Each structure stands twice: as structure tokens, then as C-alpha cells.
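Read in order, the letters of the sequence shown are residues 76 to 494 in our numbering. For every residue, glycine included, the Cβ atom is placed at its ideal position computed from N, Cα and C. Just so we're clear, the structure is a prediction, and the values are computed from it rather than from any experiment. To start, the structure under review is shown below, and the notes come after it.
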Amino acid sequence: MQNKQPFYNILLLILAGEAVFILPFVLVRIFRPTVLDLFELTNLELGLCFSVYGVVAIIAYFFGGIVADRFSPGKLMGIALILTAAGGLVMATYPQLGTLRMLYGYWGFTTIFLFWAAMIKATRMWGGADRQGKAFGFLDGGRGLVAAGFGSLGLAVLGLFVIGDMEALPMADRKEAFQYLIWTFSGVVALIGLITFFFLKESKESKDIEVKKQKMSLKDFPVLLRMRVVWLLMVIILTGYCGYKITDIFSLYAKDVMLYDEIKAAGIGTMLLYIRPILGIVIGFLADRSASSLWLAIGFGVMTLGALVLASGIIGPSLVLVFGLSIFATSLGVYAIRSLYFAIMEEGNIPLALTGTAVGIASLIGYTPDVFMGPLIGVLLDNNPGELGHQYVFGFMAVMGLIGGITTLYFRKYYTKKV
Numbered sequence: 076m077q078n079k080q081p082f083y084n085i086l087l088l089i090l091a092g093e094a095v096f097i098l099p100f101v102l103v104r105i106f107r108p109t110v111l112d113l114f115e116l117t118n119l120e121l122g123l124c125f126s127v128y129g130v131v132a133i134i135a136y137f138f139g140g141i142v143a144d145r146f147s148p149g150k151l152m153g154i155a156l157i158l159t160a161a162g163g164l165v166m167a168t169y170p171q172l173g174t175l176r177m178l179y180g181y182w183g184f185t186t187i188f189l190f191w192a193a194m195i196k197a198t199r200m201w202g203g204a205d206r207q208g209k210a211f212g213f214l215d216g217g218r219g220l221v222a223a224g225f226g227s228l229g230l231a232v233l234g235l236f237v238i239g240d241m242e243a244l245p246m247a248d249r250k251e252a253f254q255y256l257i258w259t260f261s262g263v264v265a266l267i268g269l270i271t272f273f274f275l276k277e278s279k280e281s282k283d284i285e286v287k288k289q290k291m292s293l294k295d296f297p298v299l300l301r302m303r304v305v306w307l308l309m310v311i312i313l314t315g316y317c318g319y320k321i322t323d324i325f326s327l328y329a330k331d332v333m334l335y336d337e338i339k340a341a342g343i344g345t346m347l348l349y350i351r352p353i354l355g356i357v358i359g360f361l362a363d364r365s366a367s368s369l370w371l372a373i374g375f376g377v378m379t380l381g382a383l384v385l386a387s388g389i390i391g392p393s394l395v396l397v398f399g400l401s402i403f404a405t406s407l408g409v410y411a412i413r414s415l416y417f418a419i420m421e422e423g424n425i426p427l428a429l430t431g432t433a434v435g436i437a438s439l440i441g442y443t444p445d446v447f448m449g450p451l452i453g454v455l456l457d458n459n460p461g462e463l464g465h466q467y468v469f470g471f472m473a474v475m476g477l478i479g480g481i482t483t484l485y486f487r488k489y490y491t492k493k494v
């Protein structure tokens with residue numbers, strides 16, 4: 076398919092693609108120690124909130140894939156963003172654990188059913204046949220820049236209300252400052268939703284393809300299940316996403332192992348987010364000049380090596396350089412994987428008209444870490460205080476990296492044979 080879509084479409088996809096996850100995930104990734112304290116949660120309790128999200132999301136992935144093959148991505152994504160922002164108003168009240176779980180279930184619906192497959196399909200259409208690496212590299216790299224921007228915005232908002240050490244403030248003052256942060260994020264997400272709803276357009280060619288083939292989704296569902304690439308994609312997403320979920324604890328690692336305060340630990344999380352945009356753009360260009368699957372395999376290798384260092388127990392407060400290099404390398408690997416695992420759909424010859432349904436099927440298994448990784452991380456950290464719990468978590472990350480790398484190499488072997 077010849078690509079006739081404007082460049083601003085990918086910019087809107089980038090902006091919307093990360094904004095929808097700011098409240099459920101990015102906020103916690105950057106400010107995890109603060110969230111645990113202000114919401115009076117243990118790591119396990121927070122993990123169970125993520126599990127509720129994941130259970131709803133698993134169902135939403137499949138049905139959302141079918142919906143994405145039938146309706147305009149811009150309209151679906153815009154509505155999803157506005158509904159997600161509304162949930163931030165509930166979060167800002169510091170709800171009890173039961174309500175917080177229901178909120179995460181609600182977010183599992185708003186961020187996935189209406190949004191996820193629509194975004195992936197719109198990105199694939201923007202990339203055309205020859206620029207899949209670039210399209211998905213731009214998407215994930217740009218999303219990283221948006222996340223980093225939100226992180227910087229969050230630190231700036233807190234800076235307006237917090238003078239000195241945040242941990243030294245009375246609890247009521249700390250909650251008020253963080254409440255302003257949640258309100259700010261909610262307002263920005265809603266604004267992005269309105270922009271996406273009205274300005275993310277499909278090309279005439281894309282619409283014509285959808286009109287001709289939108290009825291194929293259910294009829295050809297068994298065809299997709301028989302495609303080896305769909306099952307390999309499931310495993311690749313699963314292992315890569317496990318690694319990504321573990322990056323949520325980088326700020327907590329900085330606090331527990333490196334003994335940083337809350338603001339400095341949050342700064343580490345924000346700083347790492349700036350790796351994503353640079354890497355996404357670079358690896359997108361590299362993938363289009365060779366093969367997305369090659370760089371995907373390299374990403375798994377780098378993630379595995381970085382995780383092994385973090386799991387080794389050699390890092391302490393005095394080894395700042397080793398700490399910095401280890402989390403930098405691990406982040407490089409994780410973000411490379413996230414940039415490319417949907418780019419291999421073109422390599423695997425998945426029909427364009429069935430992209431949404433294929434994404435839904437692969438996501439049924441691929442994104443189950445939304446269900447089990449939160450509780451798993453919580454149990455490992457809560458039952459093994461200090462560095463030991465982190466060693467177990469990063470050891471698991473290394474195992475996932477090894478499995479993902481082997482699966483990607485098998486994909487490359489199969490793809491080479493097909494060519």
C-alpha cells in the first residue's frame with residue numbers, strides 16, 4: 076500500500092499513544108515511592124490493582140481488535156482519552172483500595188478496548204509497506220518523549236508546591252501537592268483526546284481498503300490462528316512486556332538500593348524516559364535498512380545482559396557509575412523491543428485489513444503481564460526487603476530476555492525460509 080497519510084498523523088499518534096497511559100502507569104512508574112506512601116499501599120496491593128486492569132484488558136484486547144477493523148481510529152482514540160482522563164478525577168480523591176481497583180478495571184476498558192488496536196493499525200497504515208520500522212520506531216520513541224515530558228511536567232508541578240524535602244512535609248500538604256499533579260495530568264490528557272478526535276484523519280486509500288475488507292475479520296479469524304507469526308508474536312510481546320513492566324521499579328530501586336530520596340528517585344525514572352525517543356528514531360531507521368527482527372533480537376540480548384548485572388547484587392550506593400550504566404543498558408534493550416515488536420507484522424505477512432484483529436489475538440497472551448507482573452513484583456519486593464527483592468525481579472527479567480531472544484531468532488529463521 077502506498078503511504079499517502081500526512082506526517083502530522085504520526086505526531087498525533089505519538090501524543091495520544093502515551094497520553095492514554097499516563098494516569099494508570101506512567102505516573103506510578105515515575106513516582107512509585109510517593110504513590111505507595113500517599114495512597115497507603117504495599118507493592119502487592121498496587122500490583123493487584125494492575126492485575127484488575129490486566130484482566131479487563133485481556134478481554135478488551137480481542138474485542139477491541141475487531142472494533143478497530145471497523146471504525147475510524149481517530150474517533151475511537153479520542154473518546155478513549157477523554158474517558159481515561161475522567162478517571163483521573165477519581166484518582167485525585169485518594170480512594171480506598173477497593174475503589175482504586177475498580178478504577179484500574181475501568182482504565183483497562185478505556186485504554187484498550189477503544190484505543191490499543193486502533194493505534195497500532197493506524198501506525199501500520201502510516202508506515203506503508205516499506206517504512207514499518209520507522210513508523211513503529213517513531214511511535215514508541217515519540218511516546219517516550221511524551222512520557223518524559225509528562226515526567227518533567229510532574230516534577231515542575233510538585234516544585235511549585237514543595238519547598239525542600241517532600242518527605243519532611245505533613246501528609247496533608249504532600250497529598251494536596253500530588254493532587255494538583257493528578258488534576259494537571261488529567262486536564263492535559265482530556266485536551267489531547269479532543270485534538271485526536273477532531274484532527275486524526277484517515278487517507279481516502281485507507282478508507283477504501285477498510286470498506287472492502289472490514290467484513291473479513293470474523294470470517295478469517297481461524298486463518299490468523301493458523302499463522303505461525305501470530306503465535307511467535309504472542310511470545311515476543313509477552314517476554315518483552317515483562318521486561319517493560321519491570322522498568323516500573325527503577326525509581327524504587329534507586330530509593331531502596333542507592334538510597335536516593337523520593338524526588339531524586341523520580342528524577343532517575345524521568346531521565347531514563349528520554350532514552351526512548353532517541354532510540355526509537357535511530358532503531359526505526361536501522362530496522363528499515365536491514366530487518367526489524369534483527370534489531371529485535373539485539374534488543375533482547377542487551378536487556379538480558381543489563382538485567383543480569385542488576386540481579387548480581389554487586390551494585391551499592393557507592394557504585395553510581397555501575398548503577399547508571401546498568402539501568403541505561405537495560406532501558407536500551409527494553410525500549411528497542413517495544414519499538415519493534417509490532418513492526419515484524421509486515422515481515423510475517425499479516426494481511427493489512429486484519430491488523431486490528433491480529434493485534435487483538437496476539438495481545439490476548441502477549442499482554443498478560445498486566446495481570447501477573449504487578450503481584451509477582453509485589454510479592455518478591457515485599458517478602459524480600461532491600462536489594463534482595465530487586466535481585467529476584469531482575470533475575471526474572473533476564474530469563475524473559477533469553478526466551479524472547481530465542482523466539483525472535485526462530486522467527487528470523489522461519490521468515491528467511493519463507494523468503
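Give me the Cβ distance between residue 433 and residue 448, rounded to the nearest whole Å; I'm assuming they're in contact under 8 Å. As a first step, residue 433 is located in the sequence shown; it is residue number 358 there, counting from the start. As a first step, residue 448 is located in the sequence shown; it is residue number 373 there, counting from the start. In fact, because the Cβ distance is near 23 Å, the residues do not count as touching under 8 Å.
Are at least three pairs of beta-carbons, each pair with one atom in the region 307-318 and one in the region 87-96, less than 8 Å apart? No, the region 307-318 does not touch the region 87-96.
Secondary structure at residue 276, three-state DSSP: helix, strand or coil? Residue mapping note: residue 276 aligns to position 201 of the sequence shown, counting from 1. Correct three-state label for residue 276: coil.
Of the residues 414, 97, 123 and 176, the one placed nearest residue 207, counting alpha carbons only: On the sequence shown, position 132 is the one that residue 207 refers to. The shortest Cα separation from residue 207 among 414, 97, 123 and 176 belongs to 414.
Can you give me the Cβ contacts of residue 150 inside the same chain, cut-off strictly under 8 Å, excluding the 5 residues immediately before and after it? For the purposes of this step, residue 150 is taken as residue 75 along the sequence shown, with counting starting at 1. Within the same chain, residue 150 has close Cβ partners 272.
Given a cut-off of 7 Å, decide if residue 186 and residue 95 are closer than it, judged by their beta-carbon atoms. In the sequence shown, counting from the first residue as 1, residue 95 sits at position 20. In the sequence shown, counting from the first residue as 1, residue 186 sits at position 111. Taking 7 Å as the Cβ cut-off, residue 95 and residue 186 qualify as a contacting pair.
Whole-angstrom Cβ separation of residue 323 and residue 465, contact assumed at under 8 Å? Taking the first residue of the sequence shown as 1, we reach residue 323 at position 248. Taking the first residue of the sequence shown as 1, we reach residue 465 at position 390. The Cβ separation is near 12 Å, so there is no contact.
Taking the alpha carbon of residue 379 as the reference point, which residue from 396, 403 and 364 has its own alpha carbon closest? The residue you call residue 379 lines up with position 304 of the sequence shown. For the residues 396, 403 and 364, the minimum Cα distance to residue 379 belongs to 403.
If I follow the unbroken alpha helix (DSSP H) through residue 177, where does it start and stop? If you number the sequence shown from 1, residue 177 lands on position 102. Where residue 177 is concerned, the enclosing alpha helix (DSSP H) stretches over 172-187.
Just to check my reading of the structure: residue 192 and residue 129 have Cβ atoms closer than 8 Å, yes? What is that Cβ distance to the nearest angstrom? In the sequence shown, the residue the question calls residue 192 occupies position 117. In the sequence shown, the residue the question calls residue 129 occupies position 54. With a beta-carbon spacing of about 16 Å, residue 192 and residue 129 fall beyond the 8 Å limit used to define contacts.
Proximity below 7 Å, CB of residue 162 to CB of residue 175: Within the sequence shown, the letter at position 87 stands for residue 162. Within the sequence shown, the letter at position 100 stands for residue 175. In terms of Cβ geometry, residue 162 and residue 175 do not form a close pair [threshold 7 Å].
Residue environment, residue 131, which counts as buried when at least 16 other CB atoms sit within 10 Å: Residue mapping note: residue 131 aligns to position 56 of the sequence shown, counting from 1. That one is buried.
So, for residue 287: in the same chain, excluding its five sequence neighbours on each side, which residues have a beta-carbon less than 6 Å away from its beta-carbon? In the sequence shown, residue 287 corresponds to position 212, counting from 1. Any answer about residue 287 is weak, because its pLDDT of 49 lies below 50 and its placement is not dependable; what the coordinates show is given next. Nothing meets the Cβ criterion.
Quick check: the region 465-476 against the region 376-393, are at least 3 beta-carbon pairs closer than 8 Å? These segments touch.
Nearest-angstrom beta carbon gap, residue 83 and residue 438 [assumed within contact, 8 Å]: What you label residue 438 is simply residue 363 of the sequence shown in a count that begins at 1. What you label residue 83 is simply residue 8 of the sequence shown in a count that begins at 1. Going by Cβ atoms, the distance from residue 438 to residue 83 rounds to 27 Å, so no, they are not a contact pair.
Locate the alpha helix (DSSP H) running through residue 115, then write down its first and last residues. As a working note, residue 115 is residue 40 in the sequence shown. It is not in any alpha helix (DSSP H) - residue 115 carries neither H nor E in the DSSP assignment.
Close beta carbons around residue 455, own chain, < 7 Å, minus the five adjacent residues each side: To locate residue 455, count along the sequence shown from 1; it is residue 380. Within the same chain, and ignoring the five residues on either side of residue 455 in sequence, the residues whose Cβ sits closer than 7 Å to its Cβ are 464, 467 and 468.
Go ahead and label residue 360 buried or exposed: buried means 16 or more other beta carbons lie within 10 angstroms of its beta carbon, across all protein chains shown. Working through the sequence shown from its first residue, we reach residue 360 at position 285. Answer is exposed; the Cβ neighbour count stays below 16.
Taking the beta carbon of residue 292 as the centre, do at least 16 other beta carbons fall within 10 Å, making it buried, or is it exposed? Along the sequence shown, read from residue 1 onward, the residue named residue 292 stands at position 217. Caution applies to residue 292, whose pLDDT of 49 falls short of 50 and renders its modelled position unreliable; the model cannot decide the point.
Excluding sequence positions up to five away, which residues of its chain have a Cβ less than 8 Å from the Cβ of residue 126? As a working note, residue 126 is residue 51 in the sequence shown. Cβ within range, chain order: 445, 446, 447, 449 and 450.
Cβ shell of residue 461 (< 7 Å), same chain only, five flanking positions each side left out: Reading the sequence shown from its first residue, position 386 is the one you call residue 461. 331.
Note down, in chain order, each residue of its chain lying with its Cβ closer than 6 Å to the Cβ of residue 485, except the 5 sequence neighbours on either side. The residue you call residue 485 lines up with position 410 of the sequence shown. A distance below 6 Å between beta-carbons, with the five flanking residues on each side excluded, links residue 485 to no residue of its chain.
Can the beta-carbon of residue 497 be found less than 7 Å from the beta-carbon of residue 260? With the chain covering only 76 through 494, there is no way to say anything about residue 497.
Distance between residue 425 and residue 102 (C-alpha atoms, nearest Å): Along the sequence shown, read from residue 1 onward, the residue named residue 102 stands at position 27. Along the sequence shown, read from residue 1 onward, the residue named residue 425 stands at position 350. Here the alpha carbons of residue 425 and residue 102 stand approximately 34 Å from one another.
Simplified DSSP state of residue 336, which is helix, strand or coil: Position 261 of the sequence shown, counted from the first residue, corresponds to residue 336. Of the three classes helix, strand and coil, the one that applies to residue 336 here is coil, per DSSP.
How about residue 160 and residue 348: are their beta carbons less than 7 Å apart? Here residue 160 refers to the residue found at position 85 when the sequence shown is read from its first residue. Here residue 348 refers to the residue found at position 273 when the sequence shown is read from its first residue. No. Outside cutoff.
Going by beta carbon distance, what residues of the same chain come within less than 8 Å of residue 514, once the five residues before and after it are set aside? The chain is shown only over 76 to 494; residue 514 falls outside these bounds and no answer can be derived.
Are there 16 or more other CB atoms within 10 angstroms of the CB of residue 389, so buried, or fewer, so exposed? Mapped onto the sequence shown, residue 389 falls at position 314. Residue burial is scored here from C-beta neighbours: residue 389 has fewer than 16 other C-beta atoms within 10 angstroms and is therefore classed as exposed.
Residue 246, buried or exposed, once every other Cβ within 10 Å from all chains shown has been counted against 16: Residue numbering aside, residue 246 sits at position 171 when the sequence shown is read from its first letter. Exposed, by the Cβ-count rule.
Need the endpoints of the alpha helix (DSSP H) that residue 323 sits in, please. Locating residue 323 in the sequence shown gives position 248, counting from the first residue. Where residue 323 is concerned, there is no enclosing alpha helix (DSSP H), given that its DSSP letter is neither H nor E.
For the alpha helix (DSSP H) that residue 445 lies in, which residues bound it at each end? Counting from one through the sequence shown, the residue named residue 445 turns up at place 370. The continuous alpha helix (DSSP H) containing residue 445 extends over residues 444-458.
Where does residue 337 land, buried or exposed, given buried means 16+ other C-beta within 10 angstroms? Taking the sequence shown and counting its residues from 1, the one referred to as residue 337 is at position 262. With a 10 Å radius around the Cβ and a threshold of 16 neighbouring Cβ atoms, residue 337 comes out buried.
Quick one: what does DSSP say residue 424 is sitting in, helix, strand or coil? Locating residue 424 in the sequence shown gives position 349, counting from the first residue. Coil, per DSSP.
Take residue 353 as the anchor and find which of 220, 309, 371 and 229 has the nearest alpha-carbon. Along the sequence shown, read from residue 1 onward, the residue named residue 353 stands at position 278. Nearest option by C-alpha distance: 220.
Same chain, Cβ closer than 7 Å to residue 368, five either side skipped, listed in chain order: As a first step, residue 368 must be located in the sequence shown, where it is residue number 293. Counting only Cβ-Cβ distances below 7 Å, and skipping sequence neighbours, we find 419, 422, 483, 486, 487 and 490.
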